[in-house]
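Enquirer: This structure is in structure tokens; I'll ask about it shortly.
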Amino acid sequence: MAIGTSEHRSGGWLIVCFVPPPRQKHLITKLQVTDSTFRHSATRSFPALPGTGVVSPTYLSLTPSAKSIDAQPRLGLATGTGTGTTRYQVSRNIHRNTRRARATHIQPLVTMWRRTYLFLVLVRLWFALSPSYLHPDENFQGPEVIAGQIFSYPVRHTWEFTSENPIRSVAPLWPVYGLPMLLLRWLWIGNGQDGEIPPIAVFWTLRVLMFLTSFVLEDWAIHELIHSPRHRRIAVLLVASSYVTWTFQTHTFSNAVETLVVAWCMVLIQRIVESPQQASLLASTVLGVMAVFGIFNRITFPAFLLIPGIRLVPHFYNRPSSFLVMAFAGLATASLAIGIDTAFYLTEPITWTDLVSRPVITPINNLLYNMAPENLAQHGLHPWYQHLLANIPQLLGPAAVLLFTQPHLSLRLYSAVSGIFVLSIFQHQEARFLLPTVPLILSSVQLPKNRRALQLWAAVWVVFNVFFGVLMGIYHQGGIVPGQVFMSKQPDATNAIWWKTYSPPIWLLNGKNEVLTTHDVMGLDGESLLKQLAGLATCDTPADRRNREYLKEKEGTYLVAPASATWLDSYLPNKGLEGLRFREVWRYDRHLNLDDLDWGEDGVWNTLKRVIGRRGLVAWRVTKSCGGGGTGER
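Positions 482 to 1115 (this note's numbering) are the ones given, in order, by the sequence shown.
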């Protein structure tokens, strides 16, 4: 028996590793391998490297049906002599050593991957706890609706909930936001606290909840969907390092919920196809529930499952019981959702007759609304290629290049493509509508194989996500939530005018809303703003000119606007008794108003200088001269 041989059997193959002993003097010219179990034998000759008398260590494989040996040379050289025969009982030491050496090489990489991933999780949490405000829908289509049902907070229902045919379902809001609010309320009462929970505490609780669902459910789904450990690690890091994950996925968007539902429906489809009968039935039941939940959450949801759903057709054909279970679970969930929506939208108590004769089916209302171009025109019309050429690069940055140059064809990629295609049919196209495609695409791209190209791409990827992470996760309308908290604590505030900002979330005012009226004038022209201020401002008194004495007044009018609103500059220094007087009482520096970019009038440089150089949100207490009294000093 030759010294220095070993074998390993895997899946019916006999793997033989031969390393010639270094002290033998003559060249090995032949190695015979015999598998005593299958009684097959083969011989392979190994020529030496020219002029060296050296033979490479070689791995050999012998199948039960094969009469010959395939040799795969490995790196490394050694010398030896003689003819060797190895059998199934030969020592496994060399295989173990090879495996141990490989593990020793991989372990530092795994450790570095874990540390990088942990760091990115902390980055995600940090952005979740930053008060940026990406879009009013993150409040008005979710938490504010349910907060008014559970707490005594003031709320303002938007047109989606107040129209004759409401297009938003409240059914998905209850498990996502309602249950955490109920739990928080129960804990608050259980600790003997009086009054309502401060709304800002509920706000941050929901942010942490969205972080946890992103961290646990989104990353877990990627682990389930990708079988290759190497590919899985790369995909998880790409998703975890995306600014979309840091910002949009940690905010209370229905699109963020849709992302999780799409990912887990794909996991369930995979389990149904690959699992035994009993496990398949359970997965089919959950899929039926989640699919209906996803439709009531957003009607765009089915677009992402058009192609993955095709995998279920042959399975349901062979196992019709799985389809029946899924259909029954979906029908039951839909009936429950319709009942919840009908009870919410009908003013009087509902009966079983109401559910049959006049049910409120919000997904149908939503679909009909979005199929009318005149309705979409109110929100802005976009060309059909808006998603493909503008929104995808905005969300993915340099990863969009890999999508078109080095895609990894997978069911996840097909799911993203089907979603983009269907959503491009509708003329109103916002980037956040494509949130479900982000993890699907990032897990379906291949990184550059050239080392320099990879380093360059990674550098651009980091810069892109850090820039947009800071912009969207910290500065984008970042003063609105702190500003509303400030207004809730002003004892004299009776009127608050918000100018050139997103609509502030009313529910954060708590009980202050009983005496404070919020006027959301958005982009009102300056002259009209002054007229409205003149009608609401209180008369100037000596208390207004002393430090914080104004807080003792019974009424007060406040203007909240970006510091970049230069139109106010000529009015702010007014110290006389004629006209309006503005007293700055609050400022928040981490605020950018990207909806006030006037490139045409100011030019690129002056616009950036104004918006970035004068970043911040300011609150002024506004008074007016009513004639007589006062010195005109602040």
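Glycine is no exception: its CB is placed at the ideal position from the N, C-alpha and C atoms. Since this is a predicted model, take the numbers as computed values, not measurements.
Express the C-alpha separation of L1089 and I831 in angstroms, rounding to a whole number.
Expert: Cα to Cα, the separation comes out at about 55 angstroms.
Enquirer: Can you look up C746 in the DSSP assignment and give me helix, strand or coil?
Expert: C746 falls in the helix class under three-state DSSP.
Enquirer: Just tell me which of W701, S723, L883 has its CA closest to the CA of W745.
Expert: Considering only alpha carbons, the answer is W701.
Enquirer: Does the Cβ of C1107 have 16 or more other Cβ atoms within 10 Å, making it buried, or fewer, making it exposed?
Expert: C1107 comes out exposed.
Enquirer: Would you mind reading off the limits of the beta strand (DSSP E) that contains W669?
Expert: Here W669 belongs to no beta strand (DSSP E); instead the alpha helix (DSSP H) covers 660 to 671.
Enquirer: Tell me which same chain residues have a C-beta within less than 7 angstroms of the C-beta of T639, skipping the five on either side of it?
Expert: Here the set comprises F621.
Enquirer: So R714 and W594 are in contact, right, with Cβ under 8 angstroms, and what is the actual spacing, rounded?
Expert: The Cβ separation is near 5 angstroms, so the contact holds.
Enquirer: Can you find at least 3 beta carbon pairs, one from the region 964 to 977 and one from the region 1036 to 1052, that sit closer than 8 angstroms?
Expert: As far as the Cβ criterion goes, the region 964 to 977 touches the region 1036 to 1052, which means the pair count is three or higher.
Enquirer: With a cut-off of 8 angstroms on the beta carbons, I'd call Q730 and T740 a contact; round off their distance for me.
Expert: So it is a contact: roughly 7 angstroms between Cβ atoms.
Enquirer: Could you check how far apart the C-beta atoms of L749 and L768 are, in whole angstroms? I think they sit under 8 angstroms.
Expert: Yes, L749 and L768 are in contact; Cβ-Cβ is about 4 angstroms, under 8 angstroms.
Enquirer: Hey, V604 and F696: beta-carbon distance below 8 angstroms or not?
Expert: No.
Enquirer: Is the separation between the beta-carbon of F734 and that of S899 shorter than 8 angstroms?
Expert: Against a cut-off of 8 angstroms, the Cβ pair of S899 and F734 comes out as no contact.
Enquirer: What's the gap between the Cα of K511 and the Cα of S709?
Expert: Low local confidence applies: a pLDDT of 43 at K511 is under 50, so the model's placement there is unreliable, with the coordinate-based value given in what follows. Whole-angstrom Cα-Cα distance: 38 angstroms.
Enquirer: Pull up the DSSP beta-bridge partners for R1068, would you.
Expert: Its beta-bridge partners are V1099.
Enquirer: Taking C-beta to C-beta, are N778 and P624 nearer than 8 angstroms?
Expert: Not in contact: N778 and P624 (Cβ atoms no closer than 8 angstroms).
Enquirer: Judging by CA-CA distance, which residue of V806, F948, H909 is the nearest neighbour of P854?
Expert: Checking every option, the nearest Cα to that of P854 belongs to H909.
Enquirer: According to DSSP, is P1043 helix, strand or coil?
Expert: It is a strand residue.
Enquirer: Hey, does D1076 have any beta-carbon neighbour from chain B nearer than 8 angstroms?
Expert: This model lacks chain B altogether; it includes just one protein chain.
Enquirer: Which class does N1087 belong to by DSSP, given the choice of helix, strand or coil?
Expert: N1087 falls in the helix class under three-state DSSP.
Enquirer: May I ask which residues mark the beginning and end of the beta strand (DSSP E) holding L978?
Expert: It should be noted that the sequence gives Ile, not Leu, for residue 978. Per DSSP, I978 belongs to the beta strand (DSSP E) from 976 to 980.
Enquirer: Identify every residue that forms a DSSP beta bridge with L687.
Expert: Note: L687 sits in no beta bridge, so no partner.
Enquirer: Nearest to M617 by CA position, among P1054, A1100, V962, is which residue?
Expert: Per the sequence presented here, residue 617 reads as Pro, with Met not at that position. Of the candidates P1054, A1100, V962, the one whose C-alpha sits nearest the C-alpha of P617 is V962.
Enquirer: Could you check whether I901 and T886 sit closer than 8 angstroms to each other, using their CB atoms as the reference points?
Expert: Contact: no.
Enquirer: Quick check on P888: does DSSP put it in helix, strand or coil?
Expert: Strand at P888.
Enquirer: Which residues bound the alpha helix (DSSP H) around D1021?
Expert: No alpha helix (DSSP H) contains D1021, which DSSP labels as neither H nor E.
Enquirer: Quick check on F809: buried or exposed, where buried means 16 or more other Cβ atoms within 10 Å of its Cβ?
Expert: So F809 counts as exposed.
Enquirer: Taking a contact to mean a Cβ-Cβ separation below 8 angstroms, would you say F662 touches I681 in this structure?
Expert: With the sequence shown as reference, residue 662 is identified as Met, and Phe is not the correct amino acid for it. No, they are not a contact pair.
Enquirer: With P647 and T843 assumed to form a contact (beta carbons below 8 angstroms), what rounded beta-carbon distance in angstroms separates them?
Expert: Yes, P647 and T843 are in contact; Cβ-Cβ is about 6 angstroms, under 8 angstroms.
Enquirer: Around the Cβ of K1012, are there at least 16 other Cβ atoms within 10 angstroms (buried) or fewer (exposed)?
Expert: That one is exposed.
Enquirer: Return the residue from the list S722, S1009, Y866 that minimises the CA-CA distance to V903.
Expert: The option with the nearest alpha carbon to V903 is Y866.
Enquirer: Given the structure, does V657 come close to the ligand GDP, in the sense that its CB is under 7 angstroms from one of the ligand's heavy atoms?
Expert: Among the components modelled here there is no ligand, and therefore nothing to report on the ligand GDP.
Enquirer: Rounded to whole angstroms, what is the Cα-Cα separation between V743 and E619?
Expert: So the alpha carbons of these two residues sit roughly 19 angstroms apart.
Enquirer: On the DSSP letters alone, give me the boundaries of the alpha helix (DSSP H) that H1000 sits inside.
Expert: Here H1000 belongs to no alpha helix (DSSP H); instead the beta strand (DSSP E) covers 998 to 1003.
Enquirer: Hey, how far is the Cα of F907 from the Cα of E645?
Expert: Whole-angstrom Cα-Cα distance: 23 angstroms.
Enquirer: Please state whether DSSP places R933 in a helix, a strand or coil.
Expert: Helix, per DSSP.
Enquirer: Taking one C-beta from the region 922 to 941 and one from the region 873 to 886 each time, how about it: are there three or more such pairs within less than 8 angstroms?
Expert: Yes, since at least three Cβ pairs between the region 922 to 941 and the region 873 to 886 fall closer than 8 angstroms, the two stretches touch.
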